[in-house]
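Here is the structure we will look at.
In our numbering, the protein residues as written are 102 to 201.
In structure tokens:
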């Protein structure tokens, strides 16, 4: 993501429930930057996906609800997921080890 980039029309975000990995990045570099800047959505209307994962937000609540995930890429989250995946693979005997 980068400042000024736009892959999704801001009106779509206005009609959707918006989730993101990092709100600050979403409004400065992600798809939400244009919708927030034009007043179509408020920062408070963007939900961190972690709230869905930990159960403090319901996520999608009906078949008619449109949801949009504005993934901006958070390196620390990527490392945490990779670590958890590696540990699980090792525990299940599916990991391959190489010498570097």
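The beta carbon of each residue, even a glycine, is placed where N, CA and C say it ideally should be. In this text the structure is predicted, and so the values were computed from the model without any measurement.
Along the chain, where does the beta strand (DSSP E) containing residue i start, and where does it finish?
i: residue 112; result: Element bounds for residue 112: not the beta strand (DSSP E) but the alpha helix (DSSP H), 111 to 115.
i: residue 171; result: 168 to 171
Measure from the alpha carbon of residue i to the alpha carbon of each residue in the options, then state which is nearest.
i: residue 194; options: 153, 186, 201; result: 186
i: residue 172; options: 112, 151, 200, 161; result: 151
i: residue 125; options: 109, 143, 115, 117; result: 143
Roughly how far, in whole angstroms, is the beta-carbon of residue i from the beta-carbon of residue j, given that I think they are within contact range, below 8 Å?
i: residue 148; j: residue 158; result: 5 Å
i: residue 139; j: residue 111; result: 6 Å
i: residue 175; j: residue 122; result: 5 Å
Would you list the residues sitting across from residue i in a DSSP beta bridge?
i: residue 120; result: 148, 170
Starting from residue i and walking both ways along the alpha helix (DSSP H), at which residues does that stretch end?
i: residue 178; result: 176 to 192
Can you say whether residue i is buried or exposed, counting buried as having 16 or more other CB atoms within 10 angstroms of its CB?
i: residue 180; result: exposed
i: residue 248; result: With the chain represented from 102 up to 201, any question about residue 248 goes unanswered, as that position is not in the structure.
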